[in-house]
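Everything on this sheet refers to the single structure shown next.
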Amino acid sequence: MAIYDFIVFNYFFYIIIIAFFFIVSFALMRQKSQVRKISQEEIDVIEKRSEIFSVCFKNFPFAIFLTSLSGKILFINTAFTELLGYNKKEITKINALNLYADPNDRILLANAIKKDHKITDFVINFKRKDGTLVGVKLNTLLLSDGKKEFLLTTAVNVSKERSMEMQLAESHKKFRFLYENSSDAIMRISPPDWKFTAGNKATLEMFQVKDEKTFASLGPGELSPEYQPDGTLSEVKLKKMIEKAVEDGSNFFEWTHKRYNGKDFFATVLLLLLESHGKNFLQAIVHDISQQKKEEESFRQFIKTTKTKLSGFVPFVGKTSSNTPEKEIIDFESFLKTIGGVIDTMKERNLELENVQRVMSSLLEDVSKEKNKAEESKKQTEAIIESSGDGVFVINNKGVVFLFNPAAEKISGWKKEEVIGKKYDDMIKFYSNETEKEPNLLIKESLCSGLIKKMGTKAILRRKNGETLPITDCISPIKGIDGKVTGGVIIFSDASKEREIDNAKSEFVSLVSHQLRTPISSMSWFVEMLMSGEIGDINEKQKEYLEEISYSNRRMEMMVSMLLNISRIEIGRAVIEPVLTDMGSFIDASLSHVELILEKKEIFLEKKIQKDLPLLCVDQKLLNIVMDNLLSNAVTYTLNEGHITVSVSKNANDFIIEVSDDGIGIPKQDQSKIFTKLFRSDNAKEIDTSGTGIGLYMTKSIIESWNGTIRFSSPVTKKIAADGEEKFVGTSFFVTIPISGMMKKEGTIQLT
Amino acid sequence: METTVKKILLIVEDESSARKAMFEKFTREGFEVVVAFNGEDGLEQAKKTHPDLILLDIIMPKMDGITMLEKLREDSEWGKQVPVIILTNITIEGDEKMKRINDLGTDCYLIKADWKISDVVEKVKTTLRMT
Numbered sequence: 027m028a029i030y031d032f033i034v035f036n037y038f039f040y041i042i043i044i045a046f047f048f049i050v051s052f053a054l055m056r057q058k059s060q061v062r063k064i065s066q067e068e069i070d071v072i073e074k075r076s077e078i079f080s081v082c083f084k085n086f087p088f089a090i091f092l093t094s095l096s097g098k099i100l101f102i103n104t105a106f107t108e109l110l111g112y113n114k115k116e117i118t119k120i121n122a123l124n125l126y127a128d129p130n131d132r133i134l135l136a137n138a139i140k141k142d143h144k145i146t147d148f149v150i151n152f153k154r155k156d157g158t159l160v161g162v163k164l165n166t167l168l169l170s171d172g173k174k175e176f177l178l179t180t181a182v183n184v185s186k187e188r189s190m191e192m193q194l195a196e197s198h199k200k201f202r203f204l205y206e207n208s209s210d211a212i213m214r215i216s217p218p219d220w221k222f223t224a225g226n227k228a229t230l231e232m233f234q235v236k237d238e239k240t241f242a243s244l245g246p247g248e249l250s251p252e253y254q255p256d257g258t259l260s261e262v263k264l265k266k267m268i269e270k271a272v273e274d275g276s277n278f279f280e281w282t283h284k285r286y287n288g289k290d291f292f293a294t295v296l297l298l299l300l301e302s303h304g305k306n307f308l309q310a311i312v313h314d315i316s317q318q319k320k321e322e323e324s325f326r327q328f329i330k331t332t333k334t335k336l337s338g339f340v341p342f343v344g345k346t347s348s349n350t351p352e353k354e355i356i357d358f359e360s361f362l363k364t365i366g367g368v369i370d371t372m373k374e375r376n377l378e379l380e381n382v383q384r385v386m387s388s389l390l391e392d393v394s395k396e397k398n399k400a401e402e403s404k405k406q407t408e409a410i411i412e413s414s415g416d417g418v419f420v421i422n423n424k425g426v427v428f429l430f431n432p433a434a435e436k437i438s439g440w441k442k443e444e445v446i447g448k449k450y451d452d453m454i455k456f457y458s459n460e461t462e463k464e465p466n467l468l469i470k471e472s473l474c475s476g477l478i479k480k481m482g483t484k485a486i487l488r489r490k491n492g493e494t495l496p497i498t499d500c501i502s503p504i505k506g507i508d509g510k511v512t513g514g515v516i517i518f519s520d521a522s523k524e525r526e527i528d529n530a531k532s533e534f535v536s537l538v539s540h541q542l543r544t545p546i547s548s549m550s551w552f553v554e555m556l557m558s559g560e561i562g563d564i565n566e567k568q569k570e571y572l573e574e575i576s577y578s579n580r581r582m583e584m585m586v587s588m589l590l591n592i593s594r595i596e597i598g599r600a601v602i603e604p605v606l607t608d609m610g611s612f613i614d615a616s617l618s619h620v621e622l623i624l625e626k627k628e629i630f631l632e633k634k635i636q637k638d639l640p641l642l643c644v645d646q647k648l649l650n651i652v653m654d655n656l657l658s659n660a661v662t663y664t665l666n667e668g669h670i671t672v673s674v675s676k677n678a679n680d681f682i683i684e685v686s687d688d689g690i691g692i693p694k695q696d697q698s699k700i701f702t703k704l705f706r707s708d709n710a711k712e713i714d715t716s717g718t719g720i721g722l723y724m725t726k727s728i729i730e731s732w733n734g735t736i737r738f739s740s741p742v743t744k745k746i747a748a749d750g751e752e753k754f755v756g757t758s759f760f761v762t763i764p765i766s767g768m769m770k771k772e773g774t775i776q777l778t
Numbered sequence: 030m031e032t033t034v035k036k037i038l039l040i041v042e043d044e045s046s047a048r049k050a051m052f053e054k055f056t057r058e059g060f061e062v063v064v065a066f067n068g069e070d071g072l073e074q075a076k077k078t079h080p081d082l083i084l085l086d087i088i089m090p091k092m093d094g095i096t097m098l099e100k101l102r103e104d105s106e107w108g109k110q111v112p113v114i115i116l117t118n119i120t121i122e123g124d125e126k127m128k129r130i131n132d133l134g135t136d137c138y139l140i141k142a143d144w145k146i147s148d149v150v151e152k153v154k155t156t157l158r159m160t
């Protein structure tokens, strides 16, 4: 009897639990939409006609204003204040004419009114109270009350549309970011064959696919086992699920998927029918519920065990009557089944809710994280710009300044408040050099072309007080999402110190050249006149001594010349002025300089110019210095009756000039030092004591200034000496000039 | 009796050594040589003696060669056309300065250190033959 009581008691207990479940779940799932009714009170108020007008007028979503023909503003509404910043008190002091940003617009509109008595869809710029501009679409009517005439104008803010577009683009960008970085597997299948066309990172991880490309080659069928747990063919059930989603707009169901490497796993799938570019597609959010399934399975086990345990009690029941216990058993079993079924449904519904909630909350979390990150980085950027020692100001593509840092204030003499919101070119004027009367157009050019521009080395800024200041200046355009220029960043700094130093260096070079050369030239003239005999005959010894003086003098002169050129190269001021040159003729001209000495030393010269060489842009002065140096070296360090070859050729990247000789060569131990200043090999000193040691250093510097290269090999050839022995001799120098030619370089000085 | 008139040559040079070398050389070559020590002096001498050619240095005290040349060109019809050879030791930095010199009308610009004095003589003779 006690046992029967126990069962009955629990029977009721189960009913209560189930009832509780139903109540709770229905309460959870119900969403009442609330409809706001317009109250009777409001309707009553709106009855009076004049009040209808004023309420409508006041609350109209766009700006409306009423003016007299002379422009005196009589009424404005709330939207007007929101749009333009003037409140009702202030507006009576303003004439409507002051709202127009461009005075020409006033005239245009006044004429239109006169002609048509109205204005339709006129888009112009209005000026707000704070001076900023806003694009508005105007519609105006000329009204008359019999006695007086009025103008009623509506102004719709059209600049908002554009900013909405930008916001839309921004939110597209954000959505894309969220999609990519969401921890839920989001993927896309598209008609007609419903294969995967996109999948985010989480999708690839879940299915263990290597990359999106591989994923996009698959369909849902390939990532599912052949049969679903309910016995149906996956391919068949797939189609049904997809059709349902397309019909209803969405479909939520359980599915067994298969990972790419073969293992099955349980999942829930939420399909959503979406549209993009006029085409429909299904977005799927798939949730791996292997863990959940395990829990469900254990719950089922629990039910089963409970059932079994409870069934175990039945034989005792059988003792009271024959039929009733069995009935009880059957009812009890089916009841347990129902419980299980109901609980399953509960679980399903909860899962659905959970999933949706989870997706939403993770999206929200990501959005707020993004927002924080963006704010952080915005603050950082602002701090950097504020503290920069260079002047920075930022303009939009109309030239209106909206950022002006403290350094810019200091350098230009203008205060931030004087500049922000206004067009920069009224106040900040850059000129290309001291003599220019008109400011330069580099900022405008940069914004038009979308390219970074730098002002030249002589650029100056006219400060607020009129004085000029040398500056360096760089303009960078800002590009929006679509690649169009939306503004520019201008960074400029005071270059007075640098200009001073530059000028001082330049003056120094001039001075040195003059002071060093003066005694040299006087000396050489006197020596020349003595040696010519016009002052009187000189004996052999006197001639000899005079020649020594002459040599030393020439050396000094060469040194001064080279030192000056080096200092100019090092200061970086040597100019490069390329002209189209026929390399063959150029080499001929270079060789003519050494003709005499070639003859004297009986050196055989071979010239090899590649056929059909195109013209090349070279600075002939610079190339002359290089050729003279290499040729004079070759001639000096080749013995009598030697052999020199000069050739010009080209490959895919460069022109190559080669000067080769079979002379004394460069000893291996000296080769690493050959391009250093003042270095001379011992074997070279033996041949010629008057070399300066800076020829090759200067030659290399010049070649590098045109982005060319110089290298050499030594020894390069075999020669049979006078004593019949075979020796390895000679040197070859190779100079390259890029195939694009020498780039023009602005400097302020020429090399001599 | 001399039948050919000697050509008058004005040499404007502040450095005594160079001045002496040129004075003696050109005198030997048969020129009537007038010297000046700076630009101011040179201008005075030019107006006074109306030379057939002027050898002009640039770096000089009181008034440099370019300024003297400017004033000379503005001074008179004669001043505008008298041949001038610049003979100096400095290399002019910058295109604008060179342009200014060219605009003033000079026959050539020689760097003393690069030229033998006998070649300078030849240059003067050639220039005079052409005028």
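So the sequence lines, in the order shown, correspond to chains A and B. Each residue of the first sequence is one higher than the one before, counting from 27 in our numbering. Each residue of the second sequence is one higher than the one before, counting from 30 in our numbering. Beta carbons are placed, not taken as given, at the ideal position from N, Cα and C, and that holds for glycine.
Contact note: isoleucine 88 of chain B reaches chain A through His540, using a C-beta cutoff of 7 Å and chain order. Only residues of its own chain outside the window of five on either side were considered, and among them Glu435 have a CB closer than 8 Å to the CB of lysine 441 of chain A, listed in chain order.
Here the C-alpha atom of glutamate 401 of chain A lies approximately 46 Å from the C-alpha atom of threonine 461 of chain A.
In the DSSP assignment, lysine 114 of chain A falls within the alpha helix (DSSP H) that extends over 114-117.
For the set A:Ile90, A:Ser250, A:Lys236 and A:Arg154, the Cα lying nearest the Cα of phenylalanine 176 of chain A is the one of A:Ile90.
Nearest C-alpha to leucine 167 of chain A among A:Gly225, A:Leu92, A:Asn103 and A:Phe106: A:Leu92. By the criterion of a C-beta distance shorter than 8 Å, tyrosine 205 of chain A is surrounded in its chain by Ile212 and Asn226, once the five residues flanking it on both sides are discounted. Residues of the region 52-68 of chain B with a Cβ closer than 9 Å to any Cβ of chain A, in chain order: Glu53, Lys54 and Arg57. Glycine 245 of chain A places its beta carbon 8 Å or farther from that of serine 260 of chain A. Judged by DSSP secondary structure, tryptophan 281 of chain A falls within the beta strand (DSSP E) whose first and last residues are 276-284. As the crow flies, the alpha-carbon of isoleucine 49 of chain A is around 10 Å from that of isoleucine 42 of chain A. Distance between arginine 158 of chain B and aspartate 136 of chain B, taken at the CA atoms: about 13 Å. Alanine 65 of chain B and valine 535 of chain A have their C-alpha atoms some 27 Å from each other.
Only buried fits threonine 117 of chain B, as 16 or more other CB atoms lie within 10 angstroms of its CB.
Using a Cβ distance threshold of 8 Å, isoleucine 469 of chain A and isoleucine 437 of chain A do not count as a contacting pair.
If you look at glutamate 684 of chain A, you'll find it in the beta strand (DSSP E) that goes 680-687.
Only Thr544, Pro545, Ile546, Ser547, Ser548, Met549, Ser550, Trp551, Phe552, Glu554, Met555, Ser558, Glu560 and Ile561 from the region 544-563 of chain A bring a Cβ to less than 9 Å from some Cβ of chain B. The region 417-429 of chain A makes contact with the region 447-466 of chain A, as at least three CB pairs between them are under 8 Å. At a cut-off of 8 Å between C-beta atoms, asparagine 131 of chain B does not count as an interface residue with respect to chain A. From the beta-carbon of glutamate 583 of chain A, the residues of chain B found nearer than 7 Å are Ala142.
Per DSSP, valine 605 of chain A lies in no alpha helix (DSSP H); the unbroken beta strand (DSSP E) holding it starts and ends at 605-607. Remark: C-beta atoms of phenylalanine 738 of chain A and threonine 718 of chain A do not approach each other more closely than 8 Å.
At least one CB of chain A lies nearer than 8 Å to the CB of glutamate 44 of chain B. The contact set of alanine 50 of chain B on chain A, defined by CB atoms closer than 8 Å, consists of Ser548, Trp551, Phe552 and Met555 in chain order. With respect to serine 250 of chain A, threonine 294 of chain A sits apart: the two C-beta atoms are not nearer than 8 Å.
Isoleucine 763 of chain A and glutamate 533 of chain A have their C-alpha atoms some 32 Å from each other. Within chain A, no C-beta atom comes nearer than 9 Å to that of isoleucine 37 of chain B; the closest sits roughly 22 Å away. Secondary-structure assignment with DSSP links proline 255 of chain A through no beta bridge to anything. In terms of Cα proximity to glutamine 695 of chain A, the closest of A:Asp687, A:Phe705, A:Lys633 and A:Ser686 is A:Phe705.
By the criterion of at least three beta-carbon pairs nearer than 8 Å, the region 685-692 of chain A is not in contact with the region 610-620 of chain A.
By the neighbour-count definition (other C-beta atoms within 10 Å, threshold 16), tryptophan 551 of chain A is a buried residue. Contact between the region 493-503 of chain A and the region 518-533 of chain A is established, with three or more Cβ pairs separated by less than 8 Å. Here the region 32-45 of chain B does not lie against the region 619-629 of chain A, with fewer than 3 beta-carbon pairs under 8 Å apart. Distance from the CA of asparagine 466 of chain A to the CA of threonine 240 of chain A, rounded to the nearest whole angstrom, comes to 55 Å. Under the three-pair Cβ rule at 8 Å, the region 503-511 of chain A does not count as touching the region 88-99 of chain B. Distance from the CA of serine 472 of chain A to the CA of aspartate 416 of chain A, rounded to the nearest whole angstrom, comes to 19 Å.
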